[in-house]
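S.K.: Under full-length UniProt numbering, the first residue of the sequence shown is numbered 1, with each subsequent residue one higher. Idealized CB from N, CA, C, for every residue including glycine. The structure presented is a predicted model; accordingly, all values stated were derived computationally and were not measured.
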Amino acid sequence: MEINLEATFSDRYHLEKTAEVLRSQGVLDIRFTTEADSQADSYLQSAELSSAEPTYGLSVSVEKSRYRQAEDTILKYGGQLH
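#1: Measuring alpha carbon to alpha carbon, tell me which of 68, 11, 10 ends up nearest residue 60.
#2: Exposed or buried, residue 18, counting other C-beta atoms within 10 Å across all chains shown (16 or more means buried)?
#3: Can you give me the Cβ contacts of residue 6 inside the same chain, cut-off strictly under 6 Å, excluding the 5 residues immediately before and after it?
#4: How many angstroms separate the CA atom of residue 54 from the CA atom of residue 25?
#5: Rounded to the nearest angstrom, how far is the Cβ of residue 13 from that of residue 32, given a contact under 8 Å?
#6: Can you tell me where the alpha helix (DSSP H) with residue 73 in it begins and where it stops?
#7: Spatial neighbours of residue 23 within its chain, please: CB distance less than 8 Å, with the 5 preceding and 5 following residues excluded, ordered by chain position.
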């Protein structure tokens, strides 16, 4: 069974380091997004995003048996799970 994880990072270095470690753990799929890739649903969200520091998103698909390992790796490198 496949499980998806979504996380954000405040800097690109930790995002890339996390992806590198996750690849070595054998995740099924990794996708990256940036603040610019996301579309805000409302004007308020747009204003909040523009005033905040850039964020980098990570979507990971893992086998159910590796879910906890992937989650721990994301948190270890400063990711915020969603």
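M.R.: Here's the rundown:
#1: Residue 60 has its Cα closest to that of 68, out of 68, 11, 10.
#2: Buried: at least 16 other Cβ atoms inside 10 Å.
#3: Hits under 6 Å: 59, 82.
#4: Using only the alpha carbons, I get a separation of about 27 Å.
#5: In fact, because the Cβ distance is near 13 Å, the residues do not count as touching under 8 Å.
#6: Element bounds for residue 73: 67–76.
#7: Taken in chain order, the residues that qualify are 30.
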